[in-house]
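Numbering (our numbering), first residue to last: 50 to 401. Ideal Cβ placement from N, Cα and C applies to all residues, glycine included.
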């Protein structure tokens, strides 16, 4: 008997290919159908991914009673509308980030409230949080005592000038209002909040940012201040070599992850971001004298693990609101950082 969770994919965006592969690798879920605004495009994509059912509208997918949950990798401006429609149809919701609302958390709050009111799970597409390594890092940081500061980054170099100056969704503010802050910045900011157990900071500062020719953020450096003199620095963007790391400085040592988002070590295998990749196999712990210990863990495909999380929550019929809190806290910090571009170097308070 097939008791897999049936997931419908809403859009044939590039990232949907990777997530589709992950769903099919999961023992807990299966891709049941795909929808696009064009039936022809949906059918072509379905045939290429061995999916039996294709719909030419998103409404048709949501009206299918056999769909348990949906994956929404739509443009940021469309995510709120379709997440709410999905929740109202009692479909569990997995939404790709960035999340909507460039300078306010209201959109996301409404999305999450709608999911909660309809008794369905909301989950954002932060894949690295679901790896086996992340669970072990969480245990290790508790062993090392109080965290005083965190430094994190996610950057890579734009492939060409056209891409850099609006030829990609993340470099065109009409598609992604926060630009690279909302896209790449989600990862280091999320890693900082993970380290501090999703405590909402008190203040943020924009230290520096850079715009492209279409006035979209392509580089950002920021400071995040927590209570009791704890703090974090981060940077993100598409103007520097590939860097994907978090350093968590604790009372009795330091945790370092140098392949946070992709999990492919320092191999330079950038294609791992687009493939069905097994990784996240090690991290580092330094003692007070700086002696390094390599902690090896079982490799995992963190995209598959994310799907497993989503499917297991659906099967349990008990929604996990911790994921709602993590998404909302991350988004609140990013909206404050976005507002801080108007006052570079000044502290911007984050309201509770």
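Residue burial is scored here from C-beta neighbours: residue 155 has fewer than 16 other C-beta atoms within 10 angstroms and is therefore classed as exposed. Excluding residues up to 5 positions away in sequence, 79, 81, 115, 116 and 117 lie with their Cβ nearer than 7 Å to the Cβ of residue 55 in the same chain. In the DSSP assignment, residue 63 falls outside any beta strand (DSSP E) and lies within the alpha helix (DSSP H) extending over 63-74. Just so you know, the alpha carbons of residue 142 and residue 291 end up roughly 31 Å apart.
Secondary structure at residue 376: helix, using DSSP grouped into helix, strand and coil. Across the structure, residue 74 and residue 330 are spaced so that their CA atoms are roughly 19 Å apart.
Residue 201 and residue 294 do touch by the CB rule: their CB atoms are close to 7 Å apart, below 8 Å. For residue 92, the enclosing alpha helix (DSSP H) covers residues 88-97.
In this structure, residue 239 keeps its C-beta atom at 8 Å or more from the C-beta atom of residue 183.
Measuring C-alpha to C-alpha distances from residue 325 to each of 373, 354, 131 and 256 identifies 354 as the nearest. The straight-line gap separating the alpha-carbon atoms of residue 62 and residue 261 is approximately 24 Å. DSSP places residue 227 in the coil class of the three-state scheme, outside both helix and strand. For the pair residue 352 and residue 71, the CB atoms are nearer than the 8 Å cut-off. For residue 204, the uninterrupted beta strand (DSSP E) run begins and ends at 196-206, by DSSP. According to DSSP, residue 292 shares a beta bridge with 204.
Per the C-alpha coordinates, the member of 179, 203 and 119 positioned closest to residue 283 is 203.
Take the alpha-carbon of residue 108 and the one of residue 263: they are about 33 Å apart. If you ignore the 5 residues before and after residue 298, its C-beta comes within less than 6 Å of the C-beta of 197 and 198, all in its own chain and listed in chain order.
DSSP places residue 399 outside both helix and strand once states are collapsed to three, so it counts as coil. Contact annotation, residue 396 with residue 245: C-beta distance approximately 18 Å; criterion of less than 8 Å not satisfied. Residue burial annotation: residue 217 is buried, with at least 16 other C-beta atoms found within 10 angstroms of its C-beta. Under the DSSP assignment, residue 312 falls outside any beta strand (DSSP E); it carries neither an H nor an E label. Between residue 227 and residue 147, the beta carbon gap of about 6 Å places them in contact (Cβ cut-off 8 Å).
When C-alpha distances from residue 300 are compared across 98, 367 and 189, the shortest belongs to 189.
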